[in-house]
Ligand SMILES: [Zn+2]
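In our numbering, the protein residues as written are 2 to 69.
Structure (structure tokens):
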């Protein structure tokens, strides 16, 4: 789906590598949400800040894209 923040990027569902947490992240601006139903409804958070808060690097290699 199209990102409601930047209206350019596609939102993908990702899982932090080695973890169980799933996120929805915009590939363009990196706005993120935890729940699909929150996208465009609740405020986004910044993917990089979230990764640092859990002690991970804010890199796409730290994520695996899931296809659900
Ligand atoms: Zn975006």
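C-beta: ideal position from N, C-alpha, C; glycine also.
Quick caveat, the model's predicted, so the values are computed rather than measured.
Residue i - partner residues in DSSP beta bridges
i: residue 47; result: 32
i: residue 26; result: 13 and 33
i: residue 65; result: 16
Outcome for residue i when other beta-carbon atoms lying within 10 angstroms are tallied against a minimum of 16
i: residue 27; result: buried
i: residue 24; result: buried
i: residue 7; result: exposed
Own chain partners of residue i with C-beta closer than 7 Å, once the 5 adjacent residues on each side are dropped
i: residue 59; result: 48, 49, 52 and 53
i: residue 31; result: 47, 48 and 49
i: residue 9; result: 29
Near ligand 1: residue i beta-carbon under 8 Å from a heavy atom
i: residue 57; result: no
i: residue 49; result: no
i: residue 10; result: yes
i: residue 4; result: yes
Other residues of its chain near residue i: CB distance less than 6 Å, five sequence neighbours each side excluded
i: residue 20; result: none
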